[in-house]
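Protein sequence lines correspond, in order, to chains A and B.
Taking the numbering used here, the leading residue of the first sequence gets 183, the next gets one more, and so forth.
Taking the numbering used here, the leading residue of the second sequence gets 4, the next gets one more, and so forth.
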Amino acid sequence: DGGITQSPKYLFRKEGQNVTLSCEQNLNHDAMYWYRQDPGQGLRLIYYSQIVNDFQKGDIAEGYSVSREKKESFPLTVTSAQKNPTAFYLCASSINVDQNEQFFGPGTRLTVL
Amino acid sequence: QKEVEQDPGPLSVPEGAIVSLNCTYSNSAFQYFMWYRQYSRKGPELLMYTYSSGNKEDGRFTAQVDKSSKYISLFIRDSQPSDSATYLCAMCQGAQKLVFGQGTRLTINP
């Protein structure tokens, strides 16, 4: 099955801890994206990557970090510097950054206790 | 003012009704328009993709873009309970990043 997988589905974290969310795709897409979804606010772009070993900040990158060491993988780290990390996190991919049809993974719900 | 405005609802209609979902936007450079459907606690799935003005039909779904009014719509005919979800509009200008609406929560009552 081709698609995007995210793990875990639910994640709980204590304040002050860093946590890494996984995103893997087997669609052979070059571009990958991380969004955050909060109730009533739609999706906001955190980071995106056009190719391996390259990534750019989105609209709300503060308190987050990413890496893109492999084409298939784009993990997101939520650091302790993120002031309000409880949210639903969505990973997406597209063929490349010029092809704007984005396909989403199932999401990870992060709750900070 | 947000770049893309979407009425969050909730919108509740009886089964079989025609549903109209709408978004307005302020950036006249937007050229690509999308509608995503998102079931509760799931990722959004792409429903419709249109370029520039006009209509596009896919089964019970019709997407309409009016660039002169900066207004897009999604119509659902013969609505079914399985259509109950949040619908997100999204748009962009070429290779620029997607801008999403807040999403409209829709419930179809049997």
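From the three backbone atoms N, C-alpha and C, an ideal C-beta is built for every residue, glycine too.
Remember, predicted model here, so these are calculated numbers, not experimental data.
Neighbourhood of residue i by C-beta, 7 Å cutoff - its chain only, sequence neighbours within 5 removed
| i | result |
| --- | --- |
| B/Q9 | C26, C92, G104, Q105, G106 and T107 |
| B/F33 | M94, C95 and Q96 |
| A/S262 | G198, Q199 and N200 |
| B/G57 | V68 |
| A/G289 | Q188, F270, Y271 and L272 |
Whole-angstrom distance between residue j and residue i, CA atom to CA atom
| i | j | result |
| --- | --- | --- |
| B/I21 | B/S82 | 6 Å |
| A/G287 | A/Q207 | 9 Å |
| A/F237 | A/Q264 | 19 Å |
| B/A88 | B/P47 | 10 Å |
| B/V16 | A/N266 | 35 Å |
| A/Q281 | A/H211 | 10 Å |
| B/Q99 | A/I242 | 16 Å |
| B/S85 | B/L49 | 16 Å |
| A/L225 | B/Y35 | 17 Å |
| A/S255 | A/C205 | 6 Å |
| A/S247 | B/G19 | 46 Å |
| A/G245 | A/Y217 | 13 Å |
| A/R250 | A/I228 | 14 Å |
| B/I79 | A/G185 | 27 Å |
Beta-carbon separation (whole angstroms), residue i vs residue j, contact threshold 8 Å
| i | j | result |
| --- | --- | --- |
| A/Q219 | A/A269 | 6 Å |
| B/L14 | B/L109 | 5 Å |
| A/T187 | A/L258 | Between A/L258 and A/T187 the Cβ distance is about 14 Å, and since that is not below 8 Å, they are no contact. |
Residues bridged to residue i (per DSSP)
| i | result |
| --- | --- |
| B/I111 | B/V16 |
| A/R291 | A/Y192 and A/F270 |
| B/F64 | B/D61 and B/I79 |
| B/Y52 | B/M37 |
Contact test: residue i Cβ vs the ligand PLP heavy atom, cutoff 6 Å
| i | result |
| --- | --- |
| A/G185 | In the structure on display, the ligand PLP does not appear, and there are no ligands present to speak of. |
Residues near residue i by beta carbon distance below 8 Å, same chain, minus five either side
| i | result |
| --- | --- |
| B/G12 | T107, R108 and L109 |
List, from N- to C-terminal side, the beta strand (DSSP E) runs of 3 residues or more that fit wholly inside the stretch 191-271 of chain A. Taken in chain order, the unbroken stretches of beta strand (DSSP E) that lie wholly in the stretch 191-271 of chain A and span 3 residues or more are 192-195, 201-207, 213-219, 225-231, 246-248 and 258-260.
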